[in-house]
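Residue numbers (the working numbering): 4 to 87.
(1) Can you tell me which residues form a DSSP beta bridge with residue 55?
(2) What are the boundary residues of the alpha helix (DSSP H) that includes residue 43?
(3) On the three-state DSSP scale, how would you describe residue 4?
(4) Would you report the Cα separation of residue 72 and residue 54, rounded to the nearest angstrom?
(5) Can you list, in chain order, the residues of its chain whose CB lies under 7 Å from that of residue 68, leaving out five sequence neighbours each side?
(6) Taking the beta carbon of residue 8 as the centre, do at least 16 other beta carbons fall within 10 Å, making it buried, or is it exposed?
(7) Using only the alpha-carbon positions, how far apart do residue 29 and residue 23 sit?
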């Protein structure tokens, strides 16, 4: 079965941040947004700030995640030239 791919928007990243900070499980967050659980885990890694939140879980910043995502889009398709 072929799946549909979609990008997580900044608005959805904000929802992820709020629900995650509230203590919701990534599987519950994924169900609400309509993506696979692994997508939420990848998103949490993308926006990881290096610290812990009030729940003693890795802190997530939606703005940082958006910046990392935008950088990835810019790099997409570019190949380094091999030096001889």
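Just so it is clear, CB atoms sit at the ideal spot from N, CA and C, and this is done for glycine as well. On a predicted model such as this, the values are computed, not experimentally measured, just so you know.
Answer, in terms of the structure:
(1) Along the chain shown, read from residue 1 onward, the residue named residue 55 stands at position 52. In DSSP, residue 55 forms a bridge with 61.
(2) One-based indexing of the chain shown puts residue 43 at position 40. 40-49 is the extent of the alpha helix (DSSP H) around residue 43.
(3) As a first step, residue 4 is located in the chain shown; it is residue number 1 there, counting from the start. Note that residue 4 has pLDDT 45, beneath the 50 cutoff, so the model's placement of it is unreliable and no number is given.
(4) As a position in the chain shown, residue 72 is number 69, starting the count at 1. As a position in the chain shown, residue 54 is number 51, starting the count at 1. So the two alpha carbons sit approximately 20 Å from each other.
(5) Along the chain shown, one-based indexing puts residue 68 at 65. 16, 46, 49 and 50, listed in sequence order.
(6) One-based indexing of the chain shown puts residue 8 at position 5. Exposed, by the Cβ-count rule.
(7) As a working note, residue 29 is residue 26 in the chain shown. As a working note, residue 23 is residue 20 in the chain shown. Cα-Cα distance, rounded: 7 Å.
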